[in-house]
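Engineer:
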Amino acid sequence: MEAGVAGLDVAGSGGTSWGEVERRRTRDGNRNNIARSFSSWGIPTAESIQMARRGAAGIALIASGGIRSGIDVAKTIALGADAAGLAAPLLKAANVSAEAVIESMTEIIESLRITMFCIGAADLSKLKDSPFLEKVR
């Protein structure tokens, strides 16, 4: 990119709804109604990955928004992301214990490895444009 951007982080809808966060924080009825009207605002993660990749083919792309498992991570990479970010399963585990966070992360990594094994992907780069992962909408 001309401005010297090294990478993009696309956080599509499907994850944390910041409109909903703000709606729950406010005590103002008008602001609550306004925030509610934005509850379905945004571009779905799968679509935002594809749009960003078309617009910025040569730079690093991190995707997040509704990613909850290793299979989801594999799908984001197949759609064009270079890496994935996720929070919900780790935040849920963090409310239990540090050990639960480690267990959750281990499960995510293991399910990613199993997904890669099932489609014959020796490394993450082999997930790119994989015909074996369904392109989610």
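To get the working numbering, take the position in the sequence shown, counting from 1, and add 278. Where is the CB? At the ideal position from N, CA and C, for every residue including glycine.
G285 by DSSP, collapsed to three states: which one?
Structural biologist: strand
Engineer: For R301, tell me which candidate among S291, A289, R314 has the shortest Cα-Cα distance.
Structural biologist: R314
Engineer: What is the DSSP secondary structure of S326, counted as helix, strand or coil?
Structural biologist: helix
Engineer: Using only alpha-carbon positions, find the residue among E381, C396, L364, A338 that is nearest to G282.
Structural biologist: A338
Engineer: Are there 16 or more other CB atoms within 10 angstroms of the CB of T384, so buried, or fewer, so exposed?
Structural biologist: Within a 10 Å sphere around the beta-carbon of T384 sit fewer than 16 other beta-carbons, which makes this residue exposed.
Engineer: Pair every Cβ in the segment 389–407 with every Cβ in the segment 370–379, then say whether three or more of these pairs are closer than 8 Å.
Structural biologist: no
Engineer: Would you kindly work out how many angstroms separate the C-alpha atoms of G333 and I327, rounded to a whole number?
Structural biologist: Linking G333 to I327 through their CA atoms gives a straight-line distance of about 10 Å.
Engineer: Specify, as a first and last residue, the run of the alpha helix (DSSP H) that A313 falls within.
Structural biologist: 307–315
Engineer: Could you tell me if V351 is buried or exposed, where buried requires 16 or more neighbouring beta carbons within 10 angstroms of its beta carbon?
Structural biologist: It counts as buried.
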